[in-house]
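Here the structure is laid out as structure tokens; the discussion comes afterwards.
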Amino acid sequence: MNDITRNTLLRQKAELESRLKEPYIERDTNLRADSIKDDLVRVIIGPRRAGKSFFAIHWLRKNVKFGYINFDDEKLTTTKDFDELLAVIDSLYDTPEFLLLDEIQNLDKWELIANRLQRQGRKLFITGSNSNLLSRELATHLTGRHLQMTIFPFSFTELITLQKENLTTVQMSEKLFWYATYGGYPEPVIKNVDHKEYLSTLFDSILFKDIVKRYKIRKPNAIEDLAQFLLSNIGSEYSFRRLAELTKSKSVHTVQKYLGYLEDAFLLFSVKRFSFKTREQLAFNKKIYAIDNGFITTESSKSTQSIGRLYENIVAVQLKKAEVSGKLNLYYWKSIQHEEVDFVLRQKGKITRLIQVCYDLSNPDTKKREIRSLIKAKQELGCNELVILTNDYEALETIEWFGEKARITFLPLWKWLLNDGL
2 MNDITRNTLL
12 RQKAELESRL
22 KEPYIERDTN
32 LRADSIKDDL
42 VRVIIGPRRA
52 GKSFFAIHWL
62 RKNVKFGYIN
72 FDDEKLTTTK
82 DFDELLAVID
92 SLYDTPEFLL
102 LDEIQNLDKW
112 ELIANRLQRQ
122 GRKLFITGSN
132 SNLLSRELAT
142 HLTGRHLQMT
152 IFPFSFTELI
162 TLQKENLTTV
172 QMSEKLFWYA
182 TYGGYPEPVI
192 KNVDHKEYLS
202 TLFDSILFKD
212 IVKRYKIRKP
222 NAIEDLAQFL
232 LSNIGSEYSF
242 RRLAELTKSK
252 SVHTVQKYLG
262 YLEDAFLLFS
272 VKRFSFKTRE
282 QLAFNKKIYA
292 IDNGFITTES
302 SKSTQSIGRL
312 YENIVAVQLK
322 KAEVSGKLNL
332 YYWKSIQHEE
342 VDFVLRQKGK
352 ITRLIQVCYD
362 LSNPDTKKRE
372 IRSLIKAKQE
382 LGCNELVILT
392 NDYEALETIE
402 WFGEKARITF
412 LPLWKWLLND
422 GL
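Counting from 1 along the sequence shown, just add 1 to a position and that's the residue number in our numbering.
Okay, here's the thing in structure tokens:
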């Protein structure tokens, strides 16, 4: 093993020890100490810089002895003999039973190495910032022998917990407005660095390092334009053909491929339009959302963003987390007359909740429109749990609409979020 590699691992160990001294908030996961007695590989995926490795480091430190390798370092990704690298780790960490392999997708043929280490009795925690790459390789080489969890940027609840404040109702609304604007990426929150500069740099890193470089995209401006267009139209429907026209891409296929890359890298995600017919569901347009609100306000081509859209994105992310953890399936609804419901929750094959997001209901016409859409969806989908999330209005109202009675819960968004968003 050459001196450069050994020195790199020594530096990483020093960085690890330094990070353990930084402020930390417990993340919302179901990982428990008594759950790691088996030999399953623990896979932690999520956006770059969302706190995956920080979570794993703190969790492992409390429970076991472990060794650490960060492959987000070009000096290690070219390693030809992993056994030599492992020998250095064993000497630095006293032959640990557990290994944390960070951003492992950067290591060539990582899945074969992980498979071999598992067979040799090593217990592995691996992190990665590409959902499709990890899922594809894990399904091929570690079928049935891994458990996966996803770490997102801070939720509103985690943000409030971190700052340890007893807030009034007004202050809670103000804090939510701040969260809607700046998002929940941990470093700017904890270290008080400039959000715009940090998120702009992070956006470029994800786009050019995790996507353009990995997939050898010859015209990076095309995918950058697509990402910024979508971030400027959060909560809007899209079709691949229309995106190809608007972004001047060469083909529908190219746009479809590029959007897949953006979703795999955890910049964006899509929500399907609901239909009881699978064929219709596949044919309908989807809606686009960002994994964190900070990217919307930083990278959007629009000078200002609708606060209603920003609040809608927060709800979308909260529900996406629930979907990823297997609690529900997430959709939106739209009638033939173009009435819409922002979110449809389906659990165990049944529609369980319809959710609208409306920042300001002070205009009677606005309130009437939101209620009408909910009741139309209620009639079509057979769901009685109706919710409208607002900035500050709270009530439980029984509405009669053309002979149809419905109970609607109006709730400030911050209260909904602090109640786990379900």
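All C-beta atoms, glycine included, are put in the ideal place defined by N, C-alpha and C.
Boundaries (first-last residue) of the beta strand (DSSP E) holding L355: Counting from one through the sequence shown, the residue named residue 355 turns up at place 354. Taken as a continuous stretch (DSSP letters only), the beta strand (DSSP E) holding L355 covers 351 to 358.
Stretch-stretch touch, CB-based, cutoff 8 Å, three pairs: the region 86 to 98 with the region 52 to 60: no
S19 - containing alpha helix (DSSP H), residue span: Sequence index remark: in the sequence shown, residue 19 carries index 18 (1-based). Boundaries of the alpha helix (DSSP H) harbouring S19: 4 to 20, taken from the DSSP string.
Local Cβ density within 10 Å of N63, reported as buried at 16 or more and exposed below that: Taking the sequence shown and counting its residues from 1, the one referred to as residue 63 is at position 62. It should be noted that the sequence gives Lys, not Asn, for residue 63. With fewer than 16 other Cβ atoms within 10 Å, it is exposed.
Meets three-Cβ-pair contact criterion under 8 Å: the region 364 to 371 and the region 266 to 281: no
Collapsed DSSP secondary structure at K368 in the structure displayed: As a working note, residue 368 is residue 367 in the sequence shown. In the structure shown, K368 sits in a helix (DSSP, three-state: H, G or I).
Start and end residues, alpha helix (DSSP H) containing T298: Residue numbering aside, residue 298 sits at position 297 when the sequence shown is read from its first letter. Run containing T298: 294 to 300, per the alpha helix (DSSP H) assignment.
Counted within 10 angstroms of its Cβ, other Cβ atoms place P24 as buried (16 or more) or exposed: Numbered from its first residue, the sequence shown carries residue 24 at position 23. Its Cβ having fewer than 16 others within 10 Å, P24 is exposed.
H254 - DSSP class collapsed to helix/strand/coil: Along the sequence shown, read from residue 1 onward, the residue named residue 254 stands at position 253. Reduced to three states, the DSSP call for H254 is helix.
Per DSSP, the bridge partner or partners of W334: Position 333 of the sequence shown, counted from the first residue, corresponds to residue 334. Looking at the DSSP assignment, W334 forms a beta bridge with V342.
Status (buried if at least 16 other CB within 10 Å, exposed otherwise) for P365: On the sequence shown, position 364 is the one that residue 365 refers to. The residue is exposed, with fewer than 16 neighbouring Cβ atoms inside 10 Å.
For R242, the first and last residue of its enclosing alpha helix (DSSP H): Here residue 242 refers to the residue found at position 241 when the sequence shown is read from its first residue. R242 -> alpha helix (DSSP H) spans 241 to 247.
Opposing strand residues paired with Q348 [DSSP bridges]: For the purposes of this step, residue 348 is taken as the residue at position 347 of the sequence shown. In DSSP, Q348 forms a bridge with K351.
Beta-carbon contacts of N330 that lie in its chain and below 7 Å, excluding the five residues immediately before and after: Taking the first residue of the sequence shown as 1, we reach residue 330 at position 329. Once the five neighbours on either side are set aside, the close Cβ partners of N330 are E324, R347.
Simplified DSSP assignment, three categories, for F83: Along the sequence shown, read from residue 1 onward, the residue named residue 83 stands at position 82. The answer is helix: DSSP assigns F83 an H, G or I state.
Contact the region 350 to 362 vs the region 379 to 390: 3+ CB pairs below 8 Å: yes
Unbroken beta strand (DSSP E) run spanning A181, endpoints: Here residue 181 refers to the residue found at position 180 when the sequence shown is read from its first residue. A181 -> not in any beta strand (DSSP E); alpha helix (DSSP H) instead, spanning 170 to 183.
Where E159 falls, given that 16 or more other Cβ within 10 Å makes a residue buried: Numbered from its first residue, the sequence shown carries residue 159 at position 158. The residue in question, E159, is buried, as its Cβ has 16 or more Cβ neighbours within 10 Å.
Bridge partner(s) assigned by DSSP for F270: Here residue 270 refers to the residue found at position 269 of the sequence shown. Note: F270 sits in a beta bridge opposite Y290.
Secondary structure of N222, DSSP reduced to three states: Translated into positions along the sequence shown, residue 222 becomes position 221. The answer is helix: DSSP assigns N222 an H, G or I state.
Backbone secondary structure at A284 - three-state DSSP: As a first step, residue 284 must be located in the sequence shown, where it is residue number 283. Here A284 sits in helix by DSSP.
Where N131 falls: helix, strand or coil (DSSP): Numbered from its first residue, the sequence shown carries residue 131 at position 130. Three-state DSSP puts N131 in coil, outside helix and strand.
N-terminal and C-terminal residue of the alpha helix (DSSP H) that T162 is part of: As a first step, residue 162 must be located in the sequence shown, where it is residue number 161. Per DSSP, T162 belongs to the alpha helix (DSSP H) from 157 to 164.
Outcome for R310 when other beta-carbon atoms lying within 10 angstroms are tallied against a minimum of 16: Within the sequence shown, residue 310 is the residue found at index 309, counting from 1. Label assigned to R310: buried.
CB contact flag (W417, S174, <8 Å): Sequence index remark: in the sequence shown, residue 417 carries index 416 (1-based). Sequence index remark: in the sequence shown, residue 174 carries index 173 (1-based). Their beta carbons are not under 8 Å apart, which means W417 does not touch S174 by this criterion.
Pair within 8 Å by beta-carbon distance, W334 and V316: Counting from 1 along the sequence shown, the entry for residue 334 is found at position 333. Counting from 1 along the sequence shown, the entry for residue 316 is found at position 315. No. Outside cutoff.
Bridge partner(s) assigned by DSSP for P97: Taking the sequence shown and counting its residues from 1, the one referred to as residue 97 is at position 96. For P97, DSSP records no beta bridge to any residue.
Beta carbon of I152 nearer than 8 Å to that of G52: Here residue 152 is taken as the residue at index 151 of the sequence shown, counted from 1. Here residue 52 is taken as the residue at index 51 of the sequence shown, counted from 1. A contact, by the Cβ cut-off of 8 Å.
Coarse secondary structure for K124, derived from DSSP in three states: Position 123 of the sequence shown, counting from 1, holds the residue named residue 124. Strand, per DSSP.
Alpha carbon of V358 to alpha carbon of D293, nearest angstrom: As a working mapping, residue 358 is identified with position 357 in the sequence shown. As a working mapping, residue 293 is identified with position 292 in the sequence shown. Taking the straight line from one Cα to the other gives about 17 Å.
Same chain only: Cβ atoms within 8 Å of L32, ignoring 5 sequence neighbours per side: Stepping through the sequence shown from its first residue, residue 32 is reached at position 31. Result list for L32: R43, W60, M150, in chain order.
Expected contact under 8 Å - CB spacing of A181 and I235 to nearest Å: The sequence position of residue 181 within the sequence shown is 180, counting from 1. The sequence position of residue 235 within the sequence shown is 234, counting from 1. That pair is no contact at about 11 Å.
C-beta atoms of R302 and Q380 nearer than 8 Å: Your numbering for residue 302 matches position 301 in the sequence shown. Your numbering for residue 380 matches position 379 in the sequence shown. The question names Arg, yet the displayed sequence has Ser at residue 302. No. Outside cutoff.
Endpoints, alpha helix (DSSP H) assigned at Y312: Residue 312 sits at position 311 when you count from the first residue of the sequence shown. Element bounds for Y312: 308 to 325.
Residue interval of the alpha helix (DSSP H) (run including V414): Here residue 414 is taken as the residue at index 413 of the sequence shown, counted from 1. Before going on, a small fix: residue 414 reads as Leu here, not Val. Where L414 is concerned, the enclosing alpha helix (DSSP H) stretches over 414 to 419.
Supposed contact pair S374 and E341 - C-beta distance, whole angstroms, cut 8 Å: Reading the sequence shown from its first residue, position 340 is the one you call residue 341. Reading the sequence shown from its first residue, position 373 is the one you call residue 374. The Cβ separation is near 6 Å, so the contact holds.
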